[in-house]
Every structure is written in C-alpha cells, then in structure tokens.
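Reading the sequence shown from the start, the letters are residues 1 to 76 in my numbering.
A virtual CB, placed ideally from N, CA and C, is assigned to each residue, including glycine.
Please read the structure below before turning to the comments.
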Amino acid sequence: MKKRLLFVASFLFIAWAFTSCTALSDCKFCKLETTDSSNGQVTDGSETEYCGAQLIAIQAKSPVTTGTLTTKYTCR
Numbered sequence: 001m002k003k004r005l006l007f008v009a010s011f012l013f014i015a016w017a018f019t020s021c022t023a024l025s026d027c028k029f030c031k032l033e034t035t036d037s038s039n040g041q042v043t044d045g046s047e048t049e050y051c052g053a054q055l056i057a058i059q060a061k062s063p064v065t066t067g068t069l070t071t072k073y074t075c076r
C-alpha cells in the first residue's frame, strides 16, 4: 500500500512539474515608445506582458517612422 501511495504521489508531482512551470525568460513586459526626432521627446505607452509567440512577434517588429515620429516596442 505504501508503494502504491508513493507511486501515485510521485506521478502527480511529476505531472504538475511538467505542466505548471514556464521559463522566466519566456515572458517580458513591453511598451510602445514614440520618439519625435525634431525635439527628442519620448512618449511611452502602457506596459503589457507578452509571452511565447506573441513576445517573438513583438520583438521582431521593426521601428516605424512617419514624418518625424518613430514608434517601436521596447521590452524589459
């Protein structure tokens, strides 16, 4: 009986360990920054947490320049 309980407890622990943890580097907080090149003023948007494929897509975006305004995502 003790072996069976130990086996069940071990199985539950291993199943929990594989499904509940995510790598700390898998998520980051990113915000949209707008920089005005005529006066150097920087305007920050609100931070949002991105993980996995969304984070990769955000980090892959190139800065967009329209006139004197440049917008880009910065992550921490």
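Assigned exposure category for residue i - 16 Cβ within 10 Å defines buried
i	result
C51	exposed
Residue i - DSSP class collapsed to helix/strand/coil
i	result
K61	coil
Nonlocal neighbours in the same chain, by C-beta distance under 7 Å from residue i, ignoring five residues either side
i	result
A15	none
D44	K31 and E33
8 Å Cβ shell around residue i - same chain, five flanking residues per side excluded
i	result
L79	Residue 79 is absent from the model: the chain starts at 1 and stops at 76.
Element boundaries [beta strand (DSSP E), containing residue i]
i	result
D44	V42 to D44
D36	C27 to D36
Handout entry: At least 3 beta-carbon pairs within less than 8 Å: the region 6–15 vs the region 40–51
Key = Of all C-beta pairs linking the region 6–15 to the region 40–51, fewer than three are shorter than 8 Å, placing the two stretches out of contact.
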